[in-house]
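Undergrad: Right, I'll just put the structure down here and ask away after.
Protein chains in written order, with our numbering: chain A, 1 to 116; chain B, 1001 to 1225; chain C, 2001 to 2838.
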């Protein structure tokens, strides 16, 4: 994993979010094109299950990173400057924001049939 | 200010007014609007009042710790809690409502189908079952859902009869479906809502809703023309 | 480091001005200094603001009463198209960039931006692009398809004249300027902060501009691509958006809004940065929640890229997809809320003082919060279906953009006015200006929400009487003229203050940031000596900074070497790494932009032979530009540095050019990803997508061509590695060899294309592949030319072991070009094969 003090932490969490979001949106369109489940099934289709599981996986990953950054910011592993602690602290926030955004969006897959 | 209030009392009843709903979809949106309007007005007033008060008040200098606590409380309370609660409430109302407006499969009935094709700058209306073709006028039965299948022969237009429902774009190569329903007989005005060239402002649609039996009679007479 | 004590400021100034001075007369066109360029951007943008405002006045006059014939539909359509275009592309983005170009180096304690000639080039691109666009209005053939240019209305069938071409070409030209300023700002903020200014000491304004600049870098390419595709469709008949030939008009909407939504935040973030700069100064208290603010700004930057579909809720996409974008649109309220309440908390715990900029900040608050609230309403899909494309949206967007950009910008203008001119504005006129604008704005646009709810669509040149729209429209029109009076008042104030303003004292607002340590108005070099800045509030901590800087008590105050210099520092810790020497004044940016505008005009009049000539001329000019660089005597007359100082950047491997190259490639990559997106989108979604029966390109020669390219890229990388180890044996012949290898790849690719079965006017499938090939050839060709140029420079002695910098700059280009090849290969050869159908 990327060091919690690495400046890319300021972008990573949300970059993962936006990539996941775009891919999910694209995959939804493709899935609906190729194998649309019947509308009677409502939200209980393989597409929704796939979307939800990707949501949970990404949310978990981002939460894990957020936690790692947070702990690194508190403990200050090794000789690190104030700027590096700042990055870790901010990185925790960015990863957490990404996790929340992922989770909120993914929740929508609980509510709707995918292709209607 | 009084002029504005006057509008709100008298002015909502135009023939193309979304605030003068005549169908279930438009009713739902109008209610949603008034609710959101009230809530937003409250939030706006509260935020502006707080801001002005903050500029006016002369606080005693705080020591660091309570100052930081106070600041955190503002950010967490105003920046996090307020928007999150508002969003949750809004989506709680809005999402099911939007879902009910979709052309979902109905149990026990198939909605009447009307095909509408946009042209620069007129509407072509076809009743596929009855074989009727009309220009710039649309006739509906009241009390039952109607599915408008829209497409376009040239550029993008948008089908919109505000008193009955929201709008849907008419896009060449695609067919979109808008479900709408009129509660009472009457005349409604529709207008193209997507900019479509120099005639855009005059691309108007006359909509008339007839009571069930009148509509049957209307179909009957026009079928043979 | 050498800390000179108390030199004579006047003598130092004279010596510095010899190196940094701005020429007058015609030679003023050669100026590359960021202060001059920033002001040019703002003044030009201000002129376009007035032109855009004038168009708004004409429209409001037409709409004041029903069924008027003052302006016909043809002119009205041009007016609203140009009003939106001018305000967005020619006013809002350029003036904010201008402000950033002006302020950023001063705030971070640097002497100039890192690519000064690029600043000047960007300005001239903006100027010429704008003039081309405005020429269409004068000729009466302005674009009339709306600022969003939806196809098919804007294709060659429904808009046959040159109107749309003016937009596509002119705006793309202006966007080049925006992207180049974006690249420059990112690199300057990261690499040229004065010594000791760590990341966490950066003023919030710099954070906001950093995020804005990165958003420009990623957000503009989709529109640039879209414009290129649409222009190709119009001029060459390549059917990207034509349903019958396998295209899809919705692709244009995706590409446009992929740019269009981030654009709103590109405008808002710098404005928020202005608020975060001004409020603490007037509240006499540091900003509350610095880290929260940075988090909010970064989050806004990212989330704004996930909202674009909310402009397309009415096109009939599945509910689940709508729900995603509805949710994302609402999420963006959270970081905005955080900023808002952090400002509030700053005021709450501070002891505010009242000056004119504060008035505009209060106006900002009221208007922007209103716009934000209606924005949340619009994110709700059922409500959106009802009011989308009505005057409700017109009202909303003016609340957001005027509240979120114009009001903070004017607040900033008043705040920095003493910095620009050394004089204070008039309090009385300023108050009149504010109140007229504020009241006029609310009269115009508050009632417009109602107009929209009453069913009035956007972009109609007139309306029937009796629909309930008469009175609200009249009120809006009256309000519009009150705004005009308010703006006139502000302008009058600004013009008069140059003559009658009371001279400003030093740091008139008792601000905390470094830009107030320069002279007022600033000298071209900003700082005679560059101070250490290990704090967020340098001017509060060291109030005598201005004097000590002018006396040369800080670092880098030697000038006898004749170089323009500024510190190059570590992006995180701000510790000094190298001396960056900057190029001086030059005609090349002006000539290059001029040549490109000839390209633009010749494409407009479809004179392709002229276009080819102009492209060649601009290429030669740009190559000449890159020639005067690094160890060239025109760039650094003297390569010696004081004992104890770090080396010049051109003698290292990690100068700003490398960073500039990487950021440029990020932007380029965003363009390529948009193209891939278009390909996959059309493949899966276009209603009548057509694929040929056999693969259009021969795959084996394609593999060989890719192999040659990869070989060249690896070889180049190897050369750089050897240079790093201090070995430059046979450098010149190796670089020639790499060019030759690249050339073989290039020629083979051209042969493959000419032998292929592609007919790019027949199907969107073939057209997209043709564009991918063009993109590849462009990059490969440029890689070859740049490498050949490096080989020549080795021969001249400008590049080598001692000055390895430029070779390191070219390396990422080769890597990128090779990656693009293989991505394209997968997308157009492997994927369709696996999918079953070419």
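Idealized CB from N, CA, C, for every residue including glycine.
It should be emphasised that the depicted structure is a prediction, and the values quoted were computed from it without experimental measurement.
When we look at the beta-carbon of residue 2001 of chain C and count the other beta-carbons within 10 Å, is it buried (16 or more) or exposed?
TA: In this prediction, residue 2001 of chain C has a pLDDT of 38, which is less than 50 and means its spatial position is unreliable; what the coordinates show is noted afterwards. So residue 2001 of chain C ends up on the exposed side.
Undergrad: Counting only beta-carbon atoms, is residue 101 of chain A nearer than 7 Å to chain C?
TA: At least one chain C Cβ lies under 7 Å of residue 101 of chain A.
Undergrad: Would residue 2812 of chain C count as contacting chain A if we go by Cβ distances under 7 Å?
TA: No, residue 2812 of chain C does not count as interfacial toward chain A.
Undergrad: Does the CB of residue 2461 of chain C have a neighbour CB from chain B at under 7 Å?
TA: Output row for residue 2461 of chain C: interface = yes.
Undergrad: Just reading off the beta strand (DSSP E) that residue 2027 of chain C is part of, what are its end residues?
TA: Premise fails: residue 2027 of chain C is in no beta strand (DSSP E) and is neither H nor E.
Undergrad: Measure the Cβ-Cβ separation of residue 66 of chain A and residue 96 of chain A and say whether it is below 7 Å.
TA: Cβ atoms of residue 66 of chain A and residue 96 of chain A: closer than 7 Å.
Undergrad: Closer than 7 Å, CB to CB, is residue 1188 of chain B near chain C or not?
TA: No, residue 1188 of chain B does not count as interfacial toward chain C.
Undergrad: Please state whether the Cβ-Cβ distance between residue 2621 of chain C and residue 2595 of chain C is less than 7 Å.
TA: Yes, these two residues count as a Cβ contact at 7 Å.
Undergrad: Quick one: Cα of residue 2015 of chain C to Cα of residue 2495 of chain C, how far?
TA: Looking at the two C-alpha atoms, the distance is approximately 33 Å.
Undergrad: I want to see whether chain A comes within less than 7 Å of residue 2007 of chain C, judged by CB atoms only; does it?
TA: Residue 2007 of chain C does not count as touching chain A.
Undergrad: Helix, strand or coil for residue 2587 of chain C, going by three-state DSSP, please let me know.
TA: The answer is coil: DSSP assigns residue 2587 of chain C none of H, G, I, E or B.
Undergrad: Does the Cβ of residue 2565 of chain C have 16 or more other Cβ atoms within 10 Å, making it buried, or fewer, making it exposed?
TA: Residue 2565 of chain C comes out buried.
Undergrad: Any C-beta of chain A sitting closer than 7 Å to the C-beta of residue 1172 of chain B?
TA: Closer than 7 Å: no.
Undergrad: Could you pull out every residue in the same chain whose Cβ sits closer than 8 Å to the Cβ of residue 1175 of chain B, ignoring the five residues on either side in sequence?
TA: If we look at residue 1175 of chain B and ignore the five residues flanking it on each side, its Cβ neighbours are 1149, 1150, 1151.
Undergrad: Can you look up residue 2057 of chain C in the DSSP assignment and give me helix, strand or coil?
TA: Helix at residue 2057 of chain C.
Undergrad: Determine which residues share a DSSP beta bridge with residue 1205 of chain B and list them.
TA: For residue 1205 of chain B, which the question treats as bridged, DSSP gives the partners B/1190.
Undergrad: Since residue 2567 of chain C is in the beta strand (DSSP E), which residue starts that stretch and which ends it?
TA: Element bounds for residue 2567 of chain C: 2564–2569.
Undergrad: Apart from the five residues on each side of it in sequence, which residues of its chain come closer than 6 Å, Cβ to Cβ, to residue 2353 of chain C?
TA: Same-chain partners within the cutoff: 2282.
Undergrad: Give the single residue among C/2060, C/2009, C/2109 whose Cα lies nearest to the Cα of residue 2476 of chain C.
TA: When only C-alpha atoms are compared, the closest one is C/2060.
Undergrad: Between the alpha carbons of residue 2333 of chain C and residue 2075 of chain C, how many angstroms are there, rounded?
TA: If you take the alpha carbons of residue 2333 of chain C and residue 2075 of chain C, they lie about 38 Å apart.
Undergrad: Could you pull out every residue in the same chain whose Cβ sits closer than 7 Å to the Cβ of residue 2407 of chain C, ignoring the five residues on either side in sequence?
TA: Cβ within range, chain order: 2360, 2363, 2364, 2367.
Undergrad: Does any residue of chain B bring its CB to less than 7 Å from the CB of residue 2292 of chain C?
TA: It does; some Cβ of chain B falls within 7 Å.
Undergrad: How would you list, in chain order, the residues of chain A whose beta-carbon sits under 8 Å from the beta-carbon of residue 1105 of chain B?
TA: Result: 39, 40.
Undergrad: Going residue by residue through the stretch 2267–2341 of chain C, where are the continuous alpha helix (DSSP H) segments of at least 4 residues, counting only ones entirely within it?
TA: Correct list: 2290–2303, 2319–2331.
Undergrad: Is any beta-carbon of chain A found at less than 7 Å from that of residue 2647 of chain C?
TA: Not closer than 7 Å to any Cβ of chain A, the Cβ of residue 2647 of chain C fails to qualify, so no.
Undergrad: Please return the same chain residues whose Cβ sits closer than 6 Å to the Cβ of residue 2387 of chain C, not counting the five positions on each side in sequence.
TA: 2452, listed in sequence order.
Undergrad: Going along the stretch 2320–2351 of chain C in order, which residues come within less than 7 Å of chain A, judged by CB to CB distance?
TA: The stretch 2320–2351 of chain C vs chain A, Cβ under 7 Å: 2320, 2321, 2323, 2324, 2327, 2328, 2331.
Undergrad: Any chance the stretch 2211–2226 of chain C sits against the stretch 2174–2193 of chain C, with 3 or more Cβ pairs inside 8 Å?
TA: Output reads yes: the stretch 2174–2193 of chain C touches the stretch 2211–2226 of chain C.
Undergrad: Following the continuous alpha helix (DSSP H) through residue 2786 of chain C, name the residue where it begins and the one where it ends.
TA: From DSSP, the alpha helix (DSSP H) with residue 2786 of chain C extends over 2764–2796.
Undergrad: So, with DSSP's three-state summary, where would you put residue 2554 of chain C?
TA: Coil, per DSSP.
Undergrad: In terms of residue numbering, what span does the alpha helix (DSSP H) encompassing residue 1062 of chain B cover?
TA: Here residue 1062 of chain B belongs to no alpha helix (DSSP H), and DSSP marks it neither H nor E.
Undergrad: As a quick exercise: from C/2035, C/2077, C/2088, pick the residue whose alpha carbon is nearest that of residue 2117 of chain C.
TA: Selected option, being the one with the closest Cα: C/2035.
Undergrad: Any residues in the stretch 2176–2205 of chain C with a beta carbon nearer than 8 Å to a beta carbon of chain A? Which ones, in chain order?
TA: So the close ones are 2198, 2199, 2200.
Undergrad: With a Cβ-Cβ cutoff of 7 Å, do residue 2676 of chain C and residue 2827 of chain C count as a contact?
TA: It is a contact, given that the beta carbons lie within the stated cut-off.
Undergrad: Using a C-beta to C-beta distance shorter than 7 Å, which residues of chain C count as neighbours of residue 1194 of chain B?
TA: In chain order: 2389.
Undergrad: Which residues does DSSP pair with residue 957 of chain B in a beta bridge?
TA: The structure shown does not extend to residue 957 of chain B, since chain B spans only 1001 to 1225, so no value can be given for it.
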